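Visitor:
Residue numbers (our numbering), protein chains in the order written: chain X, 1 to 251; chain B, 252 to 605.
1) Is the CB of residue 44 of chain X under 8 Å away from at least one CB in chain B?
2) Of all the residues that make up the stretch 411–438 of chain B, which are near chain X by a beta-carbon distance shorter than 8 Å?
3) What does residue 343 of chain B reach in chain X if we use C-beta pairs closer than 7 Å?
4) DSSP three-state label for residue 524 of chain B, please.
5) Could you tell me whether the Cβ atoms of residue 285 of chain X and residue 457 of chain B are closer together than 8 Å?
6) For residue 387 of chain B, would you say it is in contact with chain X, using Cβ-to-Cβ distances shorter than 8 Å as the test?
7) Among the candidates X:116, X:135, X:39 and X:81, whose CA atom is the shortest distance from the CA of residue 98 of chain X?
8) Rounded to the nearest angstrom, what separates residue 54 of chain X and residue 94 of chain X at their Cα positions?
9) Go through the stretch 377–424 of chain B residue by residue and report every complete run of the alpha helix (DSSP H) that reaches 4 residues or more, in order.
10) Just grab the DSSP bridge partners of residue 93 of chain X for me.
11) Let's test the definition: count the other Cβ atoms within 10 Å of the Cβ of residue 51 of chain X and tell me whether it reaches 16, buried, or not, exposed.
12) Can you determine whether any heavy atom of the ligand FAD sits closer than 7 Å to the C-beta of residue 391 of chain B, and answer yes or no?
13) Would you kindly report the start and end of the unbroken alpha helix (DSSP H) that includes residue 478 of chain B?
14) Got a sec: which bits of the stretch 76–102 of chain X sit with their beta carbon under 7 Å from any beta carbon on chain B, in order along the chain?
15) Run through DSSP, which three-state label would residue 559 of chain B get?
16) Since residue 387 of chain B and residue 357 of chain B should fall inside the 8 Å C-beta cutoff, what is the C-beta to C-beta distance between them, to a whole number of angstroms?
17) Chain B partners of residue 64 of chain X, CB-CB under 8 Å?
18) Let's test the definition: count the other Cβ atoms within 10 Å of the Cβ of residue 248 of chain X and tell me whether it reaches 16, buried, or not, exposed.
19) Using beta-carbon positions only, say whether residue 313 of chain B and residue 425 of chain B come within less than 8 Å of one another.
20) Report the residue from B:526, B:497, B:324 and B:384 whose alpha carbon sits nearest the alpha carbon of residue 621 of chain B.
21) Taking the alpha carbon of residue 6 of chain X as the point to measure from, which residue in X:240, X:22, X:23 and X:28 has its own alpha carbon closest?
22) Check the Cβ-Cβ distances between residue 244 of chain X and every residue of chain B, and say whether any is below 8 Å.
23) Excluding five sequence neighbours on each side, which residues of the same chain lie with their C-beta closer than 6 Å to the C-beta of residue 344 of chain B?
24) Quick one: using the 10 Å Cβ neighbour count with 16 as the cut-off for buried, is residue 88 of chain X buried or exposed?
25) Using a 10 Å radius around the Cβ and a threshold of 16 neighbouring Cβ atoms, would you call residue 293 of chain B buried or exposed?
26) Would you mind listing the beta strand (DSSP E) stretches within the stretch 348–372 of chain B that are 3+ residues and don't spill past its ends, in chain order?
27) In whole angstroms, what is the alpha-carbon distance linking residue 492 of chain B and residue 508 of chain B?
28) Could you give the first and the last residue of the continuous beta strand (DSSP E) run that contains residue 259 of chain B?
29) Taking beta-carbon pairs under 9 Å, can you tell me which members of the stretch 336–370 of chain B lie near chain X?
30) Here's a check: name, in chain order, each residue in its chain whose Cβ is nearer than 7 Å to the Cβ of residue 19 of chain X, leaving out the five neighbours to either side.
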């Protein structure tokens, strides 16, 4: 019995370049499985971002363009307005989506662009070596908050999925995690919904994925998933914050 | 036969974009070019084409980058300090070889600089304000008619060479009215099916990006870009010259200042001086070769521009020390008048000559 198959939407002979224990690999695989299952590969245009998330275009066998840092939702808007019949999605980190790109991300949602956005939240800038970012937790030590994030100087982390849910053009906004099999299954359901609302022309579909960064957190993969459960989920609760479709799948 | 109409420069550019087949316009308001976005908001809607009031100039140029990556003709327009915001995306678009069209209707600078017309973005346009080695194609209209003709050309050249192309106009030209004709878009359509993002149907996924997987590949990529720029220079360099054959003095200007050096050259001829005029139509590629040829018999080039002396440096490089190059300029505001240019030229002529 075949229990696992590499999705057709993955590039032939691809090799992940993510660090061991990083959840990006799971997120990418979920996206690829859905492109297969929803028959989207041939009509997909991916807008890649800057950071570890950029490598998605090395793993997915779809048409893709890189966006300058933070501008993925603007580029995706251009792609979709020019080619409304295509399936257009972005894959960004929290720094790209919610710090440098917050204006683009918010306004794409406010316009109700028929786009799907995926944001990997790992509470740090991973590629540059673990700096303080928009989702860094209070108390979290990073290379640019070595004493731990404290609000008087660094302010507070942003709750991205809730923020996007507040935008009237948003059709679907959810936060998921990849720390357990149950959560991974829920994540796939949420991604499917975020893709489907675009296909149905309902507006902006968004999923924030809580993810690990063992290298910069200086943890083992297991410890990193414990941190997702014990520190991230209490601050960033999982759930669906907006769903304009009638039958709400509770995540 | 198309009729002449009395047209404002900004409207001429906007309608020319429509007639060139622009499928998507993305923009953010800024004086003195706001009429372009205003006009297109209705026109594009009526035609069922793409239009977005972008949240910023950063977003606008990146929307163009996205739309153009699918092979669609797409454009934004802006002015000086806001074009400064777009430089990052232009560097990407050059490296990605995506045919972005951008109109800059220049205002005063540096900084906010207020809304006086000026020509202070020559260097930004020609040398680029973004990072790395790249070149845009830059076209400089001098009349409302050329606003139409060069907007057509910008769409064509950007598609032909897969290279960002800028129409560099100024506040004077954007706001003035004069008779012009909308001729038919005169260029062939370019087949972009071999590179555009259309979905990986029956083929492998395409990737448009500026990151090469190795140092060697990155060097090769940049070398290929520069081979393309050489080809563009060979094929597309364009200029206008009048009365240069016997000229001792040649006035050089770009954009709408061309109008005043044409008139000044006539006045100076009337005074018995052998004066001609020269004006690059393509600022990038710059007609260095022709200026160098002219420097074999021309004794003095006088560059007239509304900035602190930007194009004058390219004229100096072109003549490479063979001929004197002088500058008549003002930073911003009231265009240098014909009288000011004539007086300025006379000051460069030693007493007793002529």
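Cβ atoms here follow ideal geometry from the backbone N, Cα and C, with glycine treated the same way.
On a predicted model such as this, the values are computed, not experimentally measured, just so you know.
Guide: Looking at the coordinates:
1) yes
2) none
3) 68
4) coil
5) For chain X, the structure presents residues 1 to 251; residue 285 of chain X sits outside this window and is missing.
6) no
7) X:135
8) 13 Å
9) 395–412
10) X:120
11) buried
12) As for the ligand FAD, it is missing from this structure, which has no ligand bound.
13) 466–487
14) 76, 77, 78, 79, 81, 82, 83 and 86
15) coil
16) Actually they do not touch by this definition, with Cβ atoms about 15 Å apart.
17) 448, 456, 457, 458, 459 and 460
18) Reliability of the predicted coordinates at residue 248 of chain X is poor, the pLDDT of 49 falling under 50, and the value obtained from them is presented with this limitation in mind. Exposed: under 16 other Cβ atoms inside 10 Å.
19) no
20) Absent from the model: residue 621 of chain B. The displayed extent of chain B is 252 to 605, so no value can be given.
21) X:28
22) no
23) 316, 351 and 415
24) buried
25) exposed
26) 352–357
27) 14 Å
28) 256–259
29) 339, 340, 342, 343, 347 and 349
30) 214 and 215
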